[in-house]
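Novice:
Protein chains: 2
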Amino acid sequence: MTTSSPTLLGPGSALSEVFALAQQLRADSVRASTAAGSGHPTSSLSAADLMAVLMTRHLRYDWDEPENPAGDHLIFSKGHASPLLYAMFKATGAITDDELMTTYRRFGHRLQGHPTPVLPWVDVATGSLGQGIAYGVGIALAVRELERSPARVWVLCGDSETAEGSVWEALDKAGHHRLSHFVALIDVNRLGQCGPTELEWDTDAYARRVEAFGCRAIVVDGHDLEAIDSALTTAGDGQAPTVVVARTVKGRGVAEVADKGGWHGKPLPEDIAERAVAELSGDRDLRVRGPRPPDASPVASPGDAPRDGAAEPPRYAVGDKVATRVAYGAALAALGARPDVVALDAEVGNSTHAEDFGKAHPERYFQTYIAEQQMIADAVGMAVRGFRPYATTFAAFLTRAHDFLRMAAVSQVTIAVCGTHCGVEIGADGPSQMGLEDLAMMRAIRGSTVLYPSDATSATALTIAMADVEGISYLRATRGAYPVLYAHGEGFPVGGSKVLRSGENDEVTLIGAGVTLHECLAAFEELANEGIQARVVDLYSIKPIDTQTLARAARETEALVVVEDHHPEGGIGEAVLSALATTGSRPAFAHLAVTGLPGSGTTDELLDAAGISRTHITRAARTLLDRWEA
Amino acid sequence: MTTSSPTLLGPGSALSEVFALAQQLRADSVRASTAAGSGHPTSSLSAADLMAVLMTRHLRYDWDEPENPAGDHLIFSKGHASPLLYAMFKATGAITDDELMTTYRRFGHRLQGHPTPVLPWVDVATGSLGQGIAYGVGIALAVRELERSPARVWVLCGDSETAEGSVWEALDKAGHHRLSHFVALIDVNRLGQCGPTELEWDTDAYARRVEAFGCRAIVVDGHDLEAIDSALTTAGDGQAPTVVVARTVKGRGVAEVADKGGWHGKPLPEDIAERAVAELSGDRDLRVRGPRPPDASPVASPGDAPRDGAAEPPRYAVGDKVATRVAYGAALAALGARPDVVALDAEVGNSTHAEDFGKAHPERYFQTYIAEQQMIADAVGMAVRGFRPYATTFAAFLTRAHDFLRMAAVSQVTIAVCGTHCGVEIGADGPSQMGLEDLAMMRAIRGSTVLYPSDATSATALTIAMADVEGISYLRATRGAYPVLYAHGEGFPVGGSKVLRSGENDEVTLIGAGVTLHECLAAFEELANEGIQARVVDLYSIKPIDTQTLARAARETEALVVVEDHHPEGGIGEAVLSALATTGSRPAFAHLAVTGLPGSGTTDELLDAAGISRTHITRAARTLLDRWEA
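In the order they appear, the protein sequences are chains G and R. Numbered as in numbering that gives the first Met the number 0, the first sequence ends at 629 without a single skipped number. Numbered as in numbering that gives the first Met the number 0, the second sequence ends at 629 without a single skipped number.
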């Protein structure tokens, strides 16, 4: 590198200077990945011209104050092009050349293999393809519908990732909501990881798809700076959601690798890298400051109103039969008094009762139709902008969004998720609609909180508590109506549990949640009639879990029976075993869960067939205690 | 019902008779759901005309021999229209009116709320929207590319479900592969569950999307039988993959509910149902037998060649460093000698080594590009046709297909899935690429088998074993190369484990798999140097699990240390605890797993930072044994 003071580029710089910047971005992409010994230089080279024009003339961003809410958003949906993104950061002066060259992809540093929000200029973690564009749509919704900010959203996509259905869910929503401040750029470099992409350089095919999904398409030569500039000017005119389909060359600018197969995800060997940097004249030191965000401050922000403004949710009388999904919807509607709370539905809001929120707060209720991936992406986008989203659908269909939930944890956002209609309890609709894997999925999300209320009072309290739970929190709700167990005012701290039945000489502890807690309570009665004293624990908090109460039950009773309306793996049974694994006591143990393939039927028939009904609980207790004299 | 003998309809019947059949299908849909007390009659009514024409004049199907490989396939992607499907079965005589009226949605019976393959005329379970069309594409690929059969595939879709990205993954592949024997019919009835759909009756918008994705679109009035007949004639002409976009009315034929909101998923009350049946003249007894399949028998079938024709896979020398993903690819390529084995890639085959199969058997290697949902759907479709698919991608990205894997278990198909690049072991690429939830996800799939080899010899054996494992089997493969531990010829039964180190006075048992097994072996050496005897267990089969060996270790040693490159929930630690929960012995226990958010780094740095390296294993062992004198 030269040591002379850098040349500063800005919106008024000539395109010849912008080209020099593009070449510098290329050279830095090559240098950084070769120094790291891994990375995706060729995928960076193809998009360098697009990004050079964007950052110099179009992206309105305050590099000194990334939190400026009027600033545009830039998302690399093709997260593997991180060398390019970090080269851009260097060009703004946000990071130094030294940081780029010595820390990229190294342990303990922030310039990771794929971008994450540990960097102040990155909104969301990417690297699972087809997701960045979906988060971009979510952010675009948040800035327009919630913040009413002038910010725009720019997303750089790869061409390979358009094979993911999630890309079309996103563009469908960009079109549906007329997100005219949303621009995606598809870097059509023709080569994927293993070979040519499906559509190769058929940019018209991309354009047809984009237009069919309700967005404006602009096809452009992605290495013609004048054409790019013109396309981005149009794209940013606020008239329509736009996709710039840019025909590019993978490895552009480095003759030895340009448009050649076999170079995906490979750093250039040092000799090739050296020649490449020379070819790119990569020894200049250009700095760039593009347009600043407009001064207009946003009309609304999550902090505009007091956070304790929750309206009073309904109170329930002990013994009344109320479904937890009903209590969830009512509590969510009440929680809407907090202006930062938003709700999202995947076209089942009348079943999940999320639509109660929509009726009360239509301006903060988002219908994503049957597109669970985009629902979670919207939630993530809104969380990025400081809102507290609640996303709701059937527990079974949340599995559709598993990869988005996984990545949301990498983005370290806070979102609340509710899955209703869990387990065989739902009855006649059959196994396709039964959430039997959701606890395993949600427990295994890093840093998650998993809640499973058994009555309306606890469902209400936990729904409200989730608004202040950091990270990804999950509430599992039941279809059917069961008796209210707790009076209004009872506290349900996250990580707690309730001992609903206990006495001096409890012999066995029955542990359940949701419908199985009600089965445990019925089993308690049956056992009592047989002279067996049972303790009953309502394990409403599955993660974190109340180890203390469980350990005490394990110490004080001879046997534990855990019963859950879920497959045996990864659910309540294993959560209890994990909690007890490092405690001293070891009572006899039985785990009742759903192992066979359920069909249609009534709730009672299906609980019994699955072996998780009161009958099976009493039988398990008797077996563990070896008490058959009854 | 009248008791006179039924009138028989066939391909030559007049459209007026076909209309009478459609009305009968409607009446039966109303009757069955009202009798059941639940179901989706209005969603059935909209599609009755389409299905009446299809089954009478176009669907070549042998109702007496559903296994006839030349027969067409009919899939209800809108599985909630099961009343219509079952009414069709009744019209063919495949089921009786009594079965329809007295068993639909009842416990222990086969006419479930959503169709499943417990019915001989149903290929795949549906009910999770956006999936049936994807399975249809998989079946269409199988019948053309593998069976070379004249069968065609017809899929009935809802309009709401086109919001799912998976629908566009499917149509993209239908277009890409030019599946000219594939026909989807979209029942555009304008009303979803909660209200109007996104596109309502904009059939041109549907057509534009369909055409942009490479399929032929035919827009039709879905209640004009002549138009339907003409559309299906064109659709079935074998010229192009086709989507019939049919404008319909939800609840058509029943004036009290037609085109009205609030009737989704609700059976008609008895009084309305009675009037509806009268309005539909639903007291006739029509039977239908449509066209028969051509006599041409398929050229190829999975049984064409001996099943024990596996070529010899490579042998590995103990101590050589070989990645399990490399051994997987080589074993899969060798297994390709079996003509029923097929392989699918999601555009990472050069990383996962699935492409080794592609090089050896290009005709049975399917590139699904970056579309993990469609990859699993293709696998399911091929399994339905009797093949043994192996679907491979990064473990992290299998989460994208979770809902498809869940439903594959409901379909009770046999498929093998391999996820590579698991855990923090992968190094510099960072958390987006690290599979840290896959064991929880795959264990919780009903009836699944979960395997996790630690060396090339066991990876080879288990890859081959999976071809004969019923249900959904999963192999977790590691990125890096580690020493071969076992000599050629060692057996690795599913459900087994290997005790790699043991002695007379083992004090602690170290349990690992994959990279953590190698860390356990290193810890064994360190502990031995300190005078602590450790037993080391290679837990290559996570589900089923070798309870006997684990129980023996729990009895014979004071302490267990389980270490896994996975989040703590739902993985190896909890599998071990579940296995030991009902055994008597209770040693001290430590569970080392990945809890924090990893970043980039080297394997060693990341294993250590996650607390799952040899250092942490020895420390955990010392702590459990309270032995710090070293």
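For every residue, glycine included, the Cβ atom is placed at its ideal position computed from N, Cα and C.
Confirm, please, whether the CB-CB distance from residue 286(R) to residue 7(R) is below 8 Å.
Specialist: Result yes, Cβ atoms of residue 7(R) and residue 286(R) sit closer than 8 Å.
Novice: Can you tell me which of the three DSSP states residue 156(G) falls into?
Specialist: Strand, per DSSP.
Novice: For residue 116(R), decide whether its Cβ has a neighbour in chain G, counting only Cβ atoms nearer than 8 Å.
Specialist: It does not: the Cβ of residue 116(R) has no partner Cβ on chain G nearer than 8 Å.
Novice: When you compare each of 299(R), 484(R), 295(R), 349(R) to residue 453(R) by their alpha carbons, which one comes out closest?
Specialist: When each option's Cα is compared against that of residue 453(R), the closest is 484(R).
Novice: Rounded C-beta distance between residue 139(R) and residue 152(R)? I'm assuming under 8 Å.
Specialist: Confirmed, Cβ separation roughly 4 Å.
Novice: Classify residue 504(G) as buried or exposed, calling it buried when 16 or more other Cβ atoms lie within 10 Å of its own Cβ.
Specialist: So residue 504(G) ends up on the exposed side.
Novice: What three-state label does DSSP hand residue 491(G) in the structure shown?
Specialist: In the structure shown, residue 491(G) sits in coil (DSSP, three-state: anything other than H, G, I, E or B).
Novice: Going along chain G in order, which residues have a C-beta closer than 9 Å to the C-beta of residue 577(R)?
Specialist: What residue 577(R) touches in chain G: 567, 568, 572, 573, 576, 590.
Novice: Measure the C-alpha to C-alpha separation of residue 533(G) and residue 133(R) and round it to an integer number of angstroms.
Specialist: Going from the Cα of residue 533(G) to the Cα of residue 133(R) covers about 50 Å.
Novice: Output yes if chain G places a C-beta closer than 8 Å to the C-beta of residue 431(R); else output no.
Specialist: Interface residue, yes.
Novice: Decide if residue 439(G) is buried, meaning its Cβ has at least 16 other Cβ atoms within 10 Å, or exposed.
Specialist: Under this definition residue 439(G) is a buried residue.
Novice: Roughly how many angstroms lie between the CA atoms of residue 84(R) and residue 397(G), to the nearest whole one?
Specialist: The straight-line gap from Cα to Cα measures roughly 27 Å.
Novice: If residue 90(G) sits next to residue 24(G), beta carbons under 8 Å apart, how far is it from one beta carbon to the other, in whole angstroms?
Specialist: Sure, about 7 Å apart at Cβ, within 8 Å.
Novice: With a threshold of 8 Å between beta-carbons, can residue 616(R) be considered close to chain G, or not?
Specialist: No - not a single Cβ of chain G is within 8 Å of the one on residue 616(R).
Novice: When you compare only the Cα positions, how much space is there between residue 59(R) and residue 496(G)?
Specialist: If you take the alpha carbons of residue 59(R) and residue 496(G), they lie about 59 Å apart.
Novice: Comparing C-alpha positions only, which one of 523(G), 207(G), 329(G), 128(G) sits nearest to residue 164(G)?
Specialist: When only C-alpha atoms are compared, the closest one is 128(G).
Novice: So what does DSSP say about residue 361(G), is it helix, strand or coil?
Specialist: DSSP places residue 361(G) in helix when its eight states are reduced to three.
Novice: Give the straight-line distance between the Cα atoms of residue 612(R) and residue 512(R), rounded to the nearest whole angstrom.
Specialist: Rounded to whole angstroms, residue 612(R) to residue 512(R) spans 13 Å at the Cα level.
Novice: Given that residue 208(R) touches chain G, what residues does it touch there, using C-beta distances under 7 Å?
Specialist: Those are 211, 212, listed as they occur along chain G.
Novice: If distances are taken between C-alpha atoms only, which option among 448(R), 406(R), 427(R) comes closest to residue 433(G)?
Specialist: When only C-alpha atoms are compared, the closest one is 406(R).
Novice: Given that a residue counts as buried once 16 or more other Cβ atoms are within 10 Å of its Cβ, and exposed if not, what is residue 633(G)?
Specialist: This structure does not reach residue 633(G), given that chain G is present from 0 up to 629, and the question cannot be answered.
Novice: Counting contacts by CB-CB distance shorter than 8 Å, is residue 420(G) in contact with chain R?
Specialist: It does not; no Cβ of chain R falls within 8 Å.
Novice: Quick one: does residue 580(R) have its CB under 8 Å from some CB of chain G?
Specialist: Cβ-Cβ to chain G under 8 Å: yes for residue 580(R).
Novice: Provide the residue span of the beta strand (DSSP E) that contains residue 82(G), from first to last.
Specialist: From DSSP, residue 82(G) is part of no beta strand (DSSP E) but of the alpha helix (DSSP H) over 81-91.
Novice: Can you list, in chain order, the stretches of the alpha helix (DSSP H) that have 4 or more residues and sit fully within the region 471-544 of chain R?
Specialist: DSSP runs (the alpha helix (DSSP H)) wholly in the region 471-544 of chain R: 514-528.
Novice: At what residues does the alpha helix (DSSP H) containing residue 172(G) begin and finish?
Specialist: Counting along the chain, the alpha helix (DSSP H) containing residue 172(G) begins and ends at 164-175.
Novice: Is residue 67(G) buried or exposed, if buried means 16 or more other CB atoms sit within 10 Å of its CB?
Specialist: Buried: at least 16 other Cβ atoms inside 10 Å.
Novice: First and last residue of the alpha helix (DSSP H) that includes residue 53(G)?
Specialist: Run containing residue 53(G): none; DSSP gives neither H nor E here.
Novice: Can you find a CB in chain G that lies within less than 8 Å of the CB of residue 37(R)?
Specialist: Answer yes: the Cβ-Cβ gap between residue 37(R) and chain G drops below 8 Å somewhere.
Novice: What residues from chain G crowd round residue 349(R), counting only those whose CB sits closer than 7 Å?
Specialist: Under the 7 Å cutoff, chain G gives 192, 193.
Novice: Taking the CB atoms as reference points, tell me whether residue 224(R) and residue 52(R) lie closer together than 8 Å.
Specialist: Closer than 8 Å, so yes.
Novice: What residues in its chain sit with their C-beta under 8 Å from that of residue 1(G), if we drop five residues either side in the sequence?
Specialist: In this prediction, residue 1(G) scores a pLDDT of 47, lower than 50, which makes its location untrustworthy; no coordinate-derived value is stated.
Novice: Answer yes if the region 311-328 of chain R comes into contact with the region 472-492 of chain R, meaning at least three C-beta pairs across the two stretches below 8 Å, and no otherwise.
Specialist: Result yes; three or more Cβ-Cβ pairs closer than 8 Å.
Novice: Enumerate in chain order the residues of its own chain whose CB-to-CB distance from residue 526(G) is below 7 Å, with the five nearest sequence positions on each side excluded.
Specialist: Taken in chain order, the residues that qualify are 533, 617, 620.
Novice: Determine the DSSP secondary structure at residue 185(G), reduced to helix, strand or coil.
Specialist: Note: residue 185(G) maps to strand in three-state DSSP.
Novice: Just tell me which of 182(R), 157(R), 14(R), 274(R) has its CA closest to the CA of residue 71(R).
Specialist: Nearest option by C-alpha distance: 182(R).
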